[in-house]
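Chains as they are written, first to last, in my numbering: chain Y, 14 to 222; chain L, 14 to 222. Backbone N, C-alpha and C fix where the C-beta goes; we use that ideal spot for every residue, glycine too.
2 protein chains.
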Amino acid sequence: MARSAEQPAPEMRDRILSEATRLFATRGFESTTIQAVAEAVGIRAPSVIHHFPSKAALREQVVEDLMSHWKNEIPRLLTAARSGEDRLSSALEALVQFLMADPYRARLALRELLDRPGETRGLIEQHLLPWMPLVTDYIRLGQQTGVVREDVDPESYVVEVIIMAISTVALGEVLDTVQSRDDEDRLSAMIRELVRMARDSLFVGGEPA
Amino acid sequence: MARSAEQPAPEMRDRILSEATRLFATRGFESTTIQAVAEAVGIRAPSVIHHFPSKAALREQVVEDLMSHWKNEIPRLLTAARSGEDRLSSALEALVQFLMADPYRARLALRELLDRPGETRGLIEQHLLPWMPLVTDYIRLGQQTGVVREDVDPESYVVEVIIMAISTVALGEVLDTVQSRDDEDRLSAMIRELVRMARDSLFVGGEPA
DNA sequence: CCTACCGATCGGTAGG
DNA sequence: CCTACCGATCGGTAGG
């Protein structure tokens, strides 16, 4: 009779969050019923509601968990490489790695951007925007020293690269069959081309060898 | 008594399609009720079902209309400019113009890619893929003549550019407030940067001036 | 965490 | 194109 009484199964809440994340990312919030989440974790629908006051609250927590992941990773991404001019390329590759580590991250982000533009914009302004100057100042510095193209619009460039990375990873599953490849899967080729495009459209001159 | 009998209101069907497109694009298919579509055109829900056998059939027609638009526009996009090496840039600007002409096109495409990857992939293979070689062969020709970078992966490049264009236009509303601008709106700056990135990551050398 | 249950809303039908 | 209506499912509550 030590620890059997009424403790609410410590890991159950996390399991619900995990399955809800997966389902919201793949099917979308509206298409996912509480019952589907319950079934995925092996319980009944009302038990899900016991852990989260409402379906909306469940979504909120799922999104918040995603954002806190971002908040933790961003400093790591931005300091991913210190090898001078190649720093931005390495940061981008780290971003892609981060996105591909959990296949639901990119898809969930894209869905939230489409479904709740206002709320998501608020989250972006809160958590992502403060880091922007750190990157754009670095790009402007590169423009002054002549290694970065003069006609680059730093803010637009950064946002475009992030959009490209998120969209590519999120849609990778679909795009994977656009063309068959023998040597490797399509998504890897896309990611590699993405990194190349970001690099070659930023720095002046030809290949960095 | 000439034309009052039982003709099913010729323009009503198109009005339903138009409002359904707008609602599916902005809120998503699952979040859009037949009632909401009916209300938008000023009729009752059962009258919508009279024009389309089911909600799914309405979606099918909306998507088919979008695809037929694409099919008509693609030849025009690909022959948008004949001024030699700048041809691809002009084609891209034409693509962006096409996407921005109807704000719901990009958002609907992105939603369909997320919600129904299998079906959408089929539509892409049918309608878009046949045009791919026309672009990729042109890029490969440019690689042989030395105007296009050697390390460009033609197929990946084309898909990335299309993804970037669709995503940018679709998310433009959200991104518009990432940073305030005095001279022009954020989306225009994003589009211009997108075109620049596509150009500078494709061709060798500095600015074409 | 379960069973039993409910009001609301959904897509769709009947029948003019 | 409308009113009247229905079975199914949804999110959520009650009460253990």
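{"query": "Closest by C-alpha distance to Y:Ile-152, when choosing among Y:Arg-212, Y:Glu-138, Y:Asp-128, Y:Leu-112", "result": "Y:Arg-212"}
{"query": "Beta carbon proximity, L:Arg-57 to chain Y, threshold 9 Å", "result": "no"}
{"query": "Under 9 Å (Cβ pairs) to chain L, residues found in the stretch 128-140 of chain Y", "result": "Asp-128, Pro-130, Gly-131, Thr-133, Arg-134, Ile-137, Glu-138"}
{"query": "Test item: CB-CB of Y:Ala-202 and L:Asp-166 under 9 Å", "result": "yes"}
{"query": "Residue-level contact to chain L via CB, Y:Thr-181, 9 Å cutoff", "result": "yes"}
{"query": "Contact check, Y:Arg-89 vs Y:Ala-114, beta carbons under 9 Å", "result": "no"}
{"query": "Local Cβ density within 10 Å of Y:Ser-102, reported as buried at 16 or more and exposed below that", "result": "buried"}
{"query": "Residues of its chain near Y:Ala-51, where Cβ-Cβ distance is below 6 Å and the 5 sequence neighbours each way are ignored", "result": "Arg-57, Ala-58, Val-61"}
{"query": "Meets three-Cβ-pair contact criterion under 8 Å: the stretch 23-33 of chain L and the stretch 173-189 of chain Y", "result": "no"}
{"query": "Continuous alpha helix (DSSP H) assignments of at least 4 residues falling wholly in the stretch 26-104 of chain Y", "result": "47-54, 58-64, 68-91"}
{"query": "Segment contact flag, the stretch 119-136 of chain Y with the stretch 110-128 of chain L, C-beta cutoff 8 Å, min 3 pairs", "result": "yes"}
{"query": "Closest Cα partner of Y:Gly-155 within the set Y:Gly-41, Y:Leu-215, Y:Thr-92, Y:Met-210", "result": "Y:Leu-215"}
{"query": "Proximity below 9 Å, CB of Y:Arg-35 to CB of Y:Tyr-117", "result": "yes"}
{"query": "Counterpart residues of L:Val-161 in DSSP-defined beta bridges", "result": "L:Phe-216"}
{"query": "Residue from L:Glu-77, L:Pro-23, L:Val-217 with nearest C-alpha to L:Gly-159", "result": "L:Val-217"}
{"query": "Within chain L, the residues that Y:Leu-126 reaches when beta carbons sit closer than 8 Å", "result": "Leu-184, Val-187"}
{"query": "Span separating the alpha-carbon of L:Glu-206 from that of L:Ile-47", "result": "40 Å"}
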